[in-house]
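First the structure, in the form of structure tokens, and then the observations on it.
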Amino acid sequence: MNGSARTFSDATATAERAPSRVNAQLAIALGALVLVAALYWPTSLEIADLWQDTVRRRYTHGWLVLAISAWLIWRDRAQLRSIALTPPTGGWCVVALGSVGWLVGLNAGLLAMTTLAMPLLVLAAIWAAAGQAVARRAAFAVLYLYFALPVWELINPLLQSLTAFVNVWLTRLAGIPVTVEGNFIHIPEGSFEIAGGCSGLHFFIVALAIAALQGEIDRYSWRSRWVLVGLAAALALVTNWLRVFIIIVAGHLTEMQHFL
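Here our numbering is used: the first residue of the sequence shown is 18, the next is one more, and so on.
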């Protein structure tokens with residue numbers, strides 16, 4: 018009897034020490050992505066339409082960004098498993114308040130507001146279900162979604178104006194007579210408009226997304242990450258400026274007959 022009791026006790030202790038096969042923290046983090054997309058489906062459908070917009074093409078990289086966010090969470094599954102679940106008391110009240118804000122934005126027709134809320138709602142759901150430590154671990158992956166959301170439209174007018182200013186300077190430097198009127202550049206052979214699609218916003222977003230991802234994958238220090246992001250942003254802007262400048266020069270040299 019004593020031997021049987023001891024064997025049963027040892028088996029129980031071993032079972033208690035054995036790690037659970039279910040990674041609850043990983044399930045909560047990935048599940049929050051799916052749950053928020055399903056519960057706030059009107060905004061999810063608007064985002065999906067934006068990602069499939071082949072006319073403006075500013076956010077056609079969105080599906081890839083979503084896949085990367087999910088992969089980043091999956092990559093950290095071992096670290097997530099090691100974090101204790103400590104859901105805060107009343108944490109779901111924060112999610113409820115965020116839902117009210119989303120609903121206000123939806124009824125007001127504010128796409129920027131509703132899309133801005135989506136990653137924050139995912140992060141709030143993770144925090145409410147698993148605690149602050151798990152939410153902090155998943156924060157980069159969740160917030161990475163902002164590289165696929167139209168919150169960047171706010172800086173598009175600035176990028177347009179900057180592109181126009183730089184190209185006026187480059188055109189004059191090349192010895193081409195030029196005048197400027199708002200976002201229109203006039204040369205003797207014709208006029209060019211620095212339209213919304215010429216601002217380089219897509220280049221800018223994708224460059225920042227790649228730089229941020231590289232810093233996260235290689236676990237760079239925050240200082241190195243900011244330097245990398247800054248370099249990526251500068252290269253994206255310069256590339257777009259040169260693209261527009263080449264088109265203007267082509268128009269000048271061919272009397273506006275070049276296929277560009």
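Just so you know, even glycine gets a beta-carbon here, dropped at the ideal spot from N, CA and C.
| Item | Value |
| --- | --- |
| Can you tell which of D235, T106 and V117 has its C-alpha closest to the C-alpha of A297? | Past the boundaries of the shown model lies residue 297; the chain is included only from 18 to 277, so the question cannot be answered. |
| Taking 8 Å as the threshold (C-beta atoms), are Q177 and I100 in contact? | no |
| Excluding five sequence neighbours on each side, which residues of the same chain lie with their C-beta closer than 6 Å to the C-beta of N257? | G217 and F220 |
| If you run the structure through DSSP and keep just helix, strand and coil, what is E272? | coil |
| By a C-beta neighbour count over all protein chains shown, 10 Å radius and 16 as the cutoff for buried, is F164 buried or exposed? | buried |
| Just to confirm the assignment, what range does the beta strand (DSSP E) spanning H8 have? | Summary: the structure shown does not reach residue 8, with the chain confined to residues 18 through 277, and so no result is reported for it. |
| So, are the CB atoms of L162 and P136 less than 8 Å apart? | yes |
| Exposed or buried, what is L140 when buried is set at 16 or more other beta-carbons lying within 10 Å of its beta-carbon? | buried |
| Could you pull the start and end residues of the alpha helix (DSSP H) that T196 belongs to? | Careful: T196 lies outside any alpha helix (DSSP H), inside the beta strand (DSSP E) at T196 to E198. |
| Could you pull the start and end residues of the alpha helix (DSSP H) that E170 belongs to? | Looking at the DSSP string, E170 is not in any alpha helix (DSSP H), and its letter there is neither H nor E. |
| Give the list of continuous alpha helix (DSSP H) stretches no shorter than 4 residues that lie fully inside the segment 87-156. | 94-98, 108-124 and 128-147 |
| What residue does the beta strand (DSSP E) around S208 start on, and which one ends it? | G207 to E210 |
| Taking 8 Å as the cut-off, decide whether the C-beta atoms of P167 and L128 are in contact. | yes |
| To the nearest angstrom, how far is the alpha carbon of L62 from that of L138? | 16 Å |
| Quick one: residues in its chain with C-beta nearer than 7 Å to the C-beta of T271, no 5 flanking neighbours on either side, listed in chain order? | none |
| For R75, count the other beta carbons within 10 Å of its own beta carbon; 16 or more makes it buried, fewer makes it exposed. Which is it? | buried |
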